[in-house]
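Encoded as structure tokens, the structure appears first; notes follow it.
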Amino acid sequence: MELCNYCNQKSKAAQNLNALELEKLELNCNPVTFRKGDRIMIQNALSFSLVYVKSGMVKVHVMGPEREQILKITKGPCYLGIPTTVGAKINQYSVTAIMETQVCFIGVDIFRELLMTNGNFAYQIVLDLCRNELQNFQKYINQLQKQGPGKIAEALLHFSDKVFNDLNYELPITRNELGDLTCTSRETVSRILTDFVQNKMIEVDNRHIKIINKKQLEMISQMG
DNA sequence: GCATTAACCACAG
DNA sequence: CTGTGGTTAATGC
281 MELCNYCNQK SKAAQNLNAL ELEKLELNCN PVTFRKGDRI MIQNALSFSL
331 VYVKSGMVKV HVMGPEREQI LKITKGPCYL GIPTTVGAKI NQYSVTAIME
381 TQVCFIGVDI FRELLMTNGN FAYQIVLDLC RNELQNFQKY INQLQKQGPG
431 KIAEALLHFS DKVFNDLNYE LPITRNELGD LTCTSRETVS RILTDFVQNK
481 MIEVDNRHIK IINKKQLEMI SQMG
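Residue numbers (our numbering): 281 to 504.
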């Protein structure tokens, strides 16, 4: 087993742990590598561990009454499942790898113990949860009040700014999933993308996206 | 009414 | 898995 002490991808929170605490963590930390498409957490399953994504990329999604809803696409390093594991026992959502992803499953009991005994650790976790919630509020508003082009523009910019830090990138998901992420249909996604191409805002080659006119995309994203 | 927007269906690469 | 065309329903001048 990998030793947490020597882990080169320690979270900001875990950097506050002392040798003894890291040893405890080690006993309840199980590293696993997932392939693209593998389910890491399953909605409605009982779970006693949360997930620390060391590297890779995942989608967090729920099956709603009508359709699949993607809550977010996120890359490591990050914690996932803290709300649903610490706050509930049954997973409220699923997590699926969209590329090769290395994670550690961390037992909820040891995690609770660390929260209670190490304030600096706990503070970093709270900080993380806060940022997450704010980001979620932002997404609610965007998705509820913007119309199609605004939502798609926002998603494209999100990948460019927050995920890849590049104007050129490989879209990690299908058009269908992009629809599930932005609350539109795959048909609408593909129409809007060709529209963006015709208006010279982006270039598209299958999954490859190149943002040419970022200003205008931002305009559309903001105007809705 | 008429225009806009987007979902649903169908069908073709 | 994607792109496109037709149809339909909702919404807003």
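Glycine residues also receive a C-beta, built at the ideal position from the N, C-alpha and C atoms. Owing to the predicted nature of the structure, the values given are computational and were not obtained by experimental measurement.
Under the rule that a run must span 3 or more residues, the beta strand (DSSP E) segments found entirely inside the stretch 419-498 read 448-450, 482-485, 488-491. In the structure shown, Tyr286 falls within a helical segment according to DSSP collapsed to helix, strand and coil. Note on Glu450: under 16 other CB atoms within 10 angstroms of its CB, so exposed under the neighbour-count rule. Between Asn493 and Ile390, the CB-CB gap reaches or exceeds 7 Å. The C-alpha of Glu348 lies about 15 Å from the C-alpha of Gly317.
Per DSSP, Ala377 is not a residue of any alpha helix (DSSP H); the beta strand (DSSP E) it occupies stretches across 374-377. Look at Ile320 here: in three-state DSSP terms it is strand.
If one requires a minimum length of 4 residues, the alpha helix (DSSP H) runs lying completely within the stretch 348-387 are 362-366, in chain order.
For Thr464, same chain residues with a beta-carbon under 7 Å away, outside a window of 5 residues either side, are Gly428, Lys431 in chain order. In the displayed model, Asn298 falls within coil according to three-state DSSP, outside both helix and strand. Under the 10 Å beta carbon count, Ala325 is surrounded by fewer than 16 other beta carbons and is classified as exposed.
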